[in-house]
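Single-structure report; data block below.
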Amino acid sequence: MSSDEERAAKELILDNNDPPRGPLLPGLTWKYKRSIGKGGQGRAHLWVLVDNSGNIIERLVIKNLVAASKAEVVQDGPSKGQLVEAYYSQILAPNGAKAEDVFTAPVLACEPIAGTENGWRTYAPYFSLGNFETLVEKHTASSPLPEPFLWFVLYRMAKAAVAMDEVLRENDRGPVIVHSDIKLDNIFLAHPGSLGKDADFIMYPPAYLADFGFSYTAIKGQSTQGQGGGAFMFKPPEMRDLKGEHTPCYSYTNIWQIGFSVLQAMEGLKYMDVAPAQDLGYENSKWLPFIKSSTFSDYSQELIQAVEACVRFNPEHRISPQS
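Just so you know, numbering that gives the first Met the number 0 puts 70 at position 71 of the sequence shown, and the rest follows in order with no gaps.
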């Protein structure tokens with residue numbers, strides 16, 4: 000197959016708009032709405048379930064993707080052959096879990112796309128407010144994101160980090176889940192109040208960590224070279240390997256990416272288009288984000304210190320998920 004044919008075959012997979020499979024009650028129909036997002040790994044499409052009167056009963060997101068490498072499919076164990084993104088998502092947000100205990104975006108189901116080579120689709124809930132980056136982009140110096148909301152995002156991402164640190168752990172070395180692609184557009188926002196009237200921060204949208212397609216498990220001290228992926232801008236020092244240290248990734252890698260995502264929200268995406276080694280400053284000849292008063296607003300010293308504790312250059316000096 001030529002490269003043009005491969006690209007055409009991939010586009011057919013990504014644009015696939017076959018309706019969700021499964022039995023429906025009489026009078027209900029799935030209707031395609033629109034494409035709602037695309038990334039390096041796939042393309043998402045919104046479907047709605049409607050009754051005979053056109054009333055919307057349910058919304059569902061189908062993400063089409065091409066799992067062209069071994070890293071995107073579980074290679075061994077009881078889940079061998081399952082899509083990596085679905086595997087980790089379902090471990091962290093199993094079906095039937097209480098809403099207040101879920102901090103990562105669920106994948107309800109996944110399946111290969113029939114008649115394609117390496118084509119997959121996942122089924123997931125619809126997050127009505129989109130992703131965190133879209134929200135940050137709407138704010139200006141005169142309308143900064145409120146600090147309580149940033150604390151709420153940080154709290155929920157910390158809970159996600161705890162889950163990734165603990166859900167598979169067998170001993171003090173792990174294993175743990177390394178997401179490796181935590182960034183603003185992989186943090187989804189649900190509608191305010193969706194956790195119930197007794198939830199904390201009820202006026203703000205709850206955040207969910209999503210897109211586990213680059214995730215893997217890590218044992219403390221073991222090499223993680225060649226694993227994971229994600230956006231260059233959001234790679235912590237141990238993923239960049241600037242000095243050839245080959246520091247393994249671990250739970251502290253998730254912490255750095257969470258802290259840097261919140262820093263981006265505080266600074267208004269100030270560092271999105273520059274290389275951190277050139278722009279973010281130095282500490283002992285190694286780059287580290289400068290933590291100071293935000294571009295948009297003067298946030299509290301407590302929030303600044305919390306973020307600083309996440310993005311320290313030395314992984315062992317970062318705050319732990321449980322802290």
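Idealized CB from N, CA, C, for every residue including glycine.
Note the first and the last residue of the continuous beta strand (DSSP E) segment covering residue i.
| i | result |
| --- | --- |
| Ala231 | In the sequence under discussion, the amino acid at residue 231 is Phe, which differs from the Ala named in the question. Looking at the DSSP string, Phe231 is not in any beta strand (DSSP E), and its letter there is neither H nor E. |
| Glu71 | Counting along the chain, Glu71 falls outside any beta strand (DSSP E), and DSSP gives it neither H nor E. |
| Leu169 | A quick correction: the sequence has Glu, not Leu, at residue 169. Unbroken run through Glu169: none, as it is neither H nor E. |
| Thr121 | 118-124 |
| Ala217 | 215-217 |
| Arg42 | 41-49 |
| Leu64 | 55-65 |
Considering only C-alpha positions, which residue in the set the options is nearest to residue i?
| i | options | result |
| --- | --- | --- |
| Leu327 | Gln263, Lys9, Arg33 | What is shown of the chain runs 0 to 322, which leaves residue 327 out entirely. |
| Gly227 | Leu128, Val72, Ala43, His44 | Val72 |
| Leu82 | Leu24, Gly36, Trp119, Ile318 | Trp119 |
| Ala323 | Glu146, Asn16, Ser52 | Nothing can be reported for residue 323: it is not among the residues displayed for the chain, which extend from 0 to 322. |
| Arg20 | Ala7, Gln74, Ile35, Ile61 | Ile61 |
| Phe23 | Val49, Val310, Leu11, Arg6 | Checking the sequence, you will find Leu at residue 23 rather than Phe. Cα-wise, what sits closest to Leu23 is Val49. |
Secondary structure at residue i, three-state DSSP: helix, strand or coil?
| i | result |
| --- | --- |
| Asn185 | helix |
| Leu13 | helix |
| Asp3 | helix |
| Asn253 | helix |
| Ser260 | helix |
| Pro111 | strand |
| Val152 | helix |
| Val177 | strand |
| Ala206 | strand |
| Pro32 | A small correction: the amino acid at residue 32 is Lys; Pro does not occupy that position in the sequence shown. The answer is strand: DSSP assigns Lys32 an E or B state. |
| Lys79 | coil |
| Lys158 | helix |
Have a look at residue i and residue j and give me their C-alpha separation to the nearest angstrom.
| i | j | result |
| --- | --- | --- |
| Gly267 | Ile303 | 14 Å |
| Ser1 | Asn170 | 48 Å |
| Ser293 | Ala66 | Bear in mind that a pLDDT of 48 at Ser293, under 50, signals an unreliable position, so the number given afterwards is only what the model happens to contain. One C-alpha to the other measures close to 40 Å. |
Do residue i and residue j have their CB atoms nearer than 9 Å?
| i | j | result |
| --- | --- | --- |
| Gly220 | Arg172 | yes |
| Pro314 | Thr246 | yes |
| Thr133 | Ala209 | no |
| Val175 | Ala217 | yes |
| Asp184 | Gly26 | no |
| Arg239 | Ala206 | no |
| His44 | Lys30 | no |
| Arg317 | Gly229 | no |
| Leu152 | Phe131 | The residue asked about is misnamed: residue 152 is Val in this sequence, not Leu. Cβ distance < 9 Å, so Val152 and Phe131 count as in contact. |
| Asp331 | Asn54 | Coverage of the chain is limited to positions 0 through 322, which leaves residue 331 absent and any answer about it impossible. |
| Leu188 | Gly129 | yes |
| Glu84 | Thr28 | no |
| Asn117 | Pro105 | no |
Just reading off the alpha helix (DSSP H) that residue i is part of, what are its end residues?
| i | result |
| --- | --- |
| Tyr86 | 83-91 |
| Ser134 | Going by the sequence as given, residue 134 is Leu instead of Ser. 131-136 is the span of the alpha helix (DSSP H), which, as asked, contains Leu134. |
| Val306 | 300-309 |
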